[in-house]
Amino acid sequence: MKTHHFFFLSLSLSFLLLHHFPATLAVEYQAINDAKGTPGGARFDALIGIPYTEEIIKDINYFIWDIFQQYNESDRKPVETVKVYIQQYDGAEAITYGDTVNVSALYLQGYQGNLKWEFTSLLHHELTHVFQWDGEGTAPIGLVEGMADYMILQSNYYPTGFAKRGQGEKWDQGYDFTARFLQYCEELKSGFVADLNKKMRKKFSEGYFEELTGKTVGDLWADYKAKYADQN
């Protein structure tokens, strides 16, 4: 049932975004299973597959551009080809270098649950790293990872254990904690995440938060924690 649900969402997403983006994109999408002959590689072929992966890379690319409001090519990172490799390695579930995403076949082998859903969620995070600006490496890693998890949150592909509103020790703690904080900032000012990403094209400054909202990032974090204090 979940597979049919995703298929409907994928078609709906593509239809809604077509008016923003040209029918033929300059970006090429490739998926390669380098782990054929391994249990994880075989599980990928059986439950996910190359055609699905290449289709969802494109859909997620559209989704990221839409969240970042990058409707003009000049606003986007110059990416010609996105490659997703399934590889046999031990370590992180996935690692992104430039425009290449490496997904661990060992992780796919051992994952318990809906593997296709988990794989799709994982690609929302990793592909954000391909297309986001990071101040040419000057943005806090917690913010960079938080923006990637923000895509998971906005796409509704966040897992059960995802941070709840108001959780976290600091604004740039990273991942789901920072994603929730970015969600709060977006609710204060529509387009905040897109504007923040745009500002981070060449450099990063905490002052961007005040420029966009009228409050320092410290004050925003304090307000955020106070608002959800009774829920945690």
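Just remember that this note's numbering sits 1 ahead of the position in the sequence shown, which is counted from 1. Built from N, CA and C at the ideal position, the CB exists for glycine as well.
Proximity winner among S206, W222 and A47, relative to D135 (alpha-carbon distances): What you label residue 135 is simply residue 134 of the sequence shown in a count that begins at 1. Ranking the options by Cα distance to D135, first place goes to S206.
Top-ranked residue by Cα proximity to G175, from Y159, V102, E187 and V145: One-based indexing of the sequence shown puts residue 175 at position 174. Of Y159, V102, E187 and V145, the residue nearest in Cα terms is V145.
Identified DSSP bridge partners for K84: In the sequence shown, the residue the question calls residue 84 occupies position 83. In the DSSP output, where bridge partners are listed per residue, K84 has Q31 and T101.
Looking at the secondary structure, which residues open and close the alpha helix (DSSP H) in which G219 lies? If you number the sequence shown from 1, residue 219 lands on position 218. Unbroken alpha helix (DSSP H) run through G219: V218 to K228.
Could you give the DSSP three-state label for I287: helix, strand or coil? The structure shown does not extend to residue 287, since the chain spans only 2 to 233, so no value can be given for it.
Tell whether a beta-carbon distance below 7 Å holds between V42 and N34. If you number the sequence shown from 1, residue 42 lands on position 41. If you number the sequence shown from 1, residue 34 lands on position 33. A quick correction: the sequence has Gly, not Val, at residue 42. Taking 7 Å as the Cβ cut-off, G42 and N34 qualify as a contacting pair.
Assigned exposure category for S191 - 16 Cβ within 10 Å defines buried: For this step, residue 191 is matched to residue 190 along the sequence shown. Under this definition S191 is an exposed residue.
When DSSP builds the beta bridges, which residues end up paired with A106? Indexing the sequence shown from 1 puts residue 106 at position 105. For A106, which the question treats as bridged, DSSP gives no partner whatsoever.
With distances taken between CB atoms, is the gap from F45 to I96 smaller than 7 Å? Along the sequence shown, read from residue 1 onward, the residue named residue 45 stands at position 44. Along the sequence shown, read from residue 1 onward, the residue named residue 96 stands at position 95. Not a contact, by the Cβ cut-off of 7 Å.
Of the choices D76, Y158 and E56, whose alpha-carbon is the least far from that of K203? Here residue 203 corresponds to residue number 202 of the sequence shown, with the count starting at 1. Of D76, Y158 and E56, the residue nearest in Cα terms is D76.
Mind the definition here: the region 183-190 touches the region 49-62 only if three or more C-beta pairs lie below 8 Å; say whether that holds. The region 49-62 and the region 183-190 do not touch, with fewer than three beta-carbon pairs separated by less than 8 Å.
Sequence-distant residues of its chain with Cβ nearer than 8 Å to P79 (five each side left out): The residue labelled residue 79 in the question sits at position 78 within the sequence shown. Within the same chain, P79 has no close Cβ partners at all.
Is the distance from the Cβ of V104 to the Cβ of Y30 below 7 Å? Residue mapping note: residue 104 aligns to position 103 of the sequence shown, counting from 1. Residue mapping note: residue 30 aligns to position 29 of the sequence shown, counting from 1. Result no, Cβ atoms of V104 and Y30 do not sit closer than 7 Å.
Output yes or no for whether 7 Å exceeds the beta carbon distance between A180 and Y151. As a working mapping, residue 180 is identified with position 179 in the sequence shown. As a working mapping, residue 151 is identified with position 150 in the sequence shown. In this structure, Y151 lies closer than 7 Å to A180 by Cβ.
If I49 sits next to L124, beta carbons under 8 Å apart, how far is it from one beta carbon to the other, in whole angstroms? The sequence position of residue 49 within the sequence shown is 48, counting from 1. The sequence position of residue 124 within the sequence shown is 123, counting from 1. Not quite, the Cβ-Cβ distance comes to about 10 Å (not below 8 Å), so this is no contact.
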